[in-house]
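Quick notes on the structure that follows.
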């Protein structure tokens, strides 16, 4: 039997197998320790940091805790993050800390999910340890800087990928069940997961079906080896049935998980609805709005009595829709959006992970190499049809490569291990392309792409595992360089953004404790600042008064009373407060000028 020796235990130095496993496990344990330590050290530094989405998720969780579940049903925010916050809120945790506790738990779980996925795709224990160290600080950073479901989505989709990406997907029905389960939970975290799951799950199953039908498979030969080899006709039929079985099971479980929530949304909106965030985001980037939300310039009542602001469900405001096929100008606008988003996506990912471009080029080559090898094996299979198709014969005609346990033997050639990446190259590249491509027509933020970043780091580790095979000094150097490249920028950001948001807590405390301000609030400016103060005050914020509505005292007062505003917050230079917005009606200013740059007027009902 001709055996192609694969890579050593990842990008590790040459050590005995047991020692390598221990070293890899120690590195992973160190990564977990780093993550937990950062969470504890920065706990107080991030207890007050807030973002606009946080007000919505916490408000929904508060209403769930109060039993007002019917008021929390909306298609803009995925419910899972808010649901997971409820137990912590019930135990008396501060709302923002309850949210970050869920995110930190999801970030820690992501470390274990990535470990499992990497092992499924052929990473050795040492490589997994290096990968975990690369991700520990960025995941801690992701979990603390913002309150969003993106880290939770990252964990769930990583688990989903662990079920559907490996070549052995067709071997057991539980892989289809697991893919459907975690795909459905990912949708409950963020509605973008539904179109991603449908497109990705169909494409990956077609890929597995093609591989099963093309007469090649991956066979485990033990002792750290596996083989891409011709499949006997009988086993090929069994493999096809396995793919179709998992596809059906995955869809059934996915529908069972998302069905109740989709049903509630459909009942609420009166038409089939699985989410409204995508439709609204697409309307926002149209030529009419150019990304500027018009509702920030008007008063809007929160969608429910327990809501903090209209941001609890932005879909209460109907935006004008558009489409690229409406006219040539619209089509050109869409092309500019796609081009701009592609550039911005590349820039943001490269800033976060400088190896991204090189990794993608390397793996594109691996995809082409994999397609060529499979075609060659299929041709070889047809040429030896009728010959002995036993396991030994298949192994003889196949290419031997390391399986997910890694390989401790010596490398025959530094270039040979690269062939072992071919099997996993196509599904990984498809995942990156489909997930990132879904945001191309709209707009891009780096938090949307955390799955792409994590997969790119995983792909880099797998590539270095092959390229650094048998080179002890190079292995250590590349491992240290990669870890520092990922960790240092994330740690700098974690430090730079610490201790933010305390000013909103102080403002809220002064307004409530010193001046007994509560109820319905409106302002002339500083939408975010007043929203965050209202969040800490458990007040309701109606937004900013437009310039047209504040053009005259009579009209301004009528507008505020029409919306049931209790207090009107006026921001500006000190000279702007004389004679103030109500010189004739002489409404009382309750702070007496105690807060620099702010006056608060009590709006008595008429």
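Numbering (my numbering), first residue to last: 514 to 1119.
Where a beta carbon is used, it is the ideal one built from N, C-alpha and C, also for glycine.
Owing to the predicted nature of the structure, the values given are computational and were not obtained by experimental measurement.
Using C-beta distances below 6 angstroms, list every residue in its chain close to residue i, excluding the 5 sequence neighbours before and after it, in chain order.
i, result
"residue 832", "796"
"residue 1102", "1112, 1114"
"residue 837", "843, 844, 847"
"residue 937", "634"
"residue 735", "Any reading at residue 735 must be qualified, since the residue scores a pLDDT of 35, below 50, and its modelled position is unreliable; the value itself is stated next. For residue 735, where only same-chain residues beyond five positions count, there are no Cβ hits under 6 angstroms."
"residue 945", "965, 968"
"residue 559", "657"
"residue 959", "861"
"residue 955", "794, 795, 798"
"residue 677", "692, 717"
"residue 830", "808"
"residue 535", "none"
"residue 1059", "810, 811"
Among all the DSSP beta bridges, which residues are the ones paired with residue i?
i, result
"residue 1084", "1111"
"residue 1035", "1081"
"residue 1102", "1114"
"residue 580", "Partner(s): none; residue 580 has no beta bridge."
"residue 1056", "812"
One question on the structure: do residue i and residue j come within less than 9 angstroms of each other, judged by their Cβ atoms?
i, j, result
"residue 758", "residue 722", "no"
"residue 977", "residue 992", "yes"
"residue 561", "residue 1018", "yes"
"residue 998", "residue 785", "no"
"residue 825", "residue 572", "yes"
"residue 454", "residue 787", "The chain is shown from 514 up to 1119; residue 454 falls before or after that span and cannot be answered."
"residue 566", "residue 596", "no"
"residue 708", "residue 865", "no"
"residue 1041", "residue 1085", "no"
"residue 1105", "residue 1033", "no"
"residue 880", "residue 975", "no"
"residue 551", "residue 570", "no"
"residue 766", "residue 690", "yes"
"residue 1055", "residue 813", "yes"
"residue 979", "residue 987", "no"
"residue 1070", "residue 953", "no"
"residue 725", "residue 686", "no"
Can you give me the Cβ contacts of residue i inside the same chain, cut-off strictly under 8 angstroms, excluding the 5 residues immediately before and after it?
i, result
"residue 601", "610, 611, 614, 615"
"residue 943", "713, 716, 717, 720"
"residue 545", "621, 624, 645, 649"
"residue 947", "709, 712, 713, 716"
"residue 1006", "654, 658"
"residue 1066", "1094, 1095, 1096, 1097, 1098"
Based on Cα-Cα distance, which residue from the options lies nearest to residue i?
i, options, result
"residue 810", "862, 557, 1057", "1057"
"residue 871", "973, 817, 805, 777", "973"
"residue 815", "954, 685, 1084, 1035", "1035"
"residue 1050", "963, 666, 969, 819", "819"
"residue 961", "857, 678, 1008, 553", "857"
"residue 1116", "557, 945, 1031", "1031"
"residue 853", "1042, 813, 798, 557", "798"
"residue 682", "617, 951, 975, 760", "760"
"residue 1062", "1043, 1041, 1094", "1094"
"residue 778", "586, 1052, 1048", "586"
"residue 835", "802, 1083, 783", "802"
"residue 1043", "1059, 1029, 1021, 951", "1021"
"residue 1015", "771, 1046, 726, 1008", "1046"
"residue 800", "607, 841, 750, 568", "841"
"residue 662", "680, 1100, 592", "592"
"residue 557", "618, 1108, 1013", "1013"
In chain order, what residues of the same chain have a beta carbon less than 7 angstroms from the beta carbon of residue i, not counting five sequence neighbours either side?
i, result
"residue 669", "695, 698, 699, 702"
"residue 667", "623, 963, 964, 967"
"residue 1118", "1074"
"residue 541", "628, 641, 642, 645"
"residue 599", "574, 577, 578"
"residue 652", "548, 620, 623, 624"
"residue 626", "668, 671, 672, 675"
"residue 789", "588, 589, 828"
Please determine whether the Cβ atom of residue i lies at a distance below 8 angstroms from any heavy atom of the ligand GTP.
i, result
"residue 657", "In the structure shown, the ligand GTP is absent, as is every other ligand, since no ligand is present at all."
Open item on the list: Quick check for students: name the residue ranges of the alpha helix (DSSP H) that lie wholly in the region 615-658, counting only runs of 4 or more.
Closed with: 638-658
Open item on the list: Going residue by residue through the region 759-821, where are the continuous alpha helix (DSSP H) segments of at least 4 residues, counting only ones entirely within it?
Closed with: 790-797
Open item on the list: Runs of 4 residues minimum, wholly inside the region 681-720: which ones carry the alpha helix (DSSP H) assignment?
Closed with: 686-702
- [ ] Enumerate, from N- to C-terminal direction, the unbroken alpha helix (DSSP H) stretches of 4 or more residues contained entirely within the region 979-1049.
- [x] 985-1009, 1015-1022
Open item on the list: Please give me, in chain order, every unbroken run of the alpha helix (DSSP H) with length at least 4 that falls completely inside the region 812-877.
Closed with: 841-865
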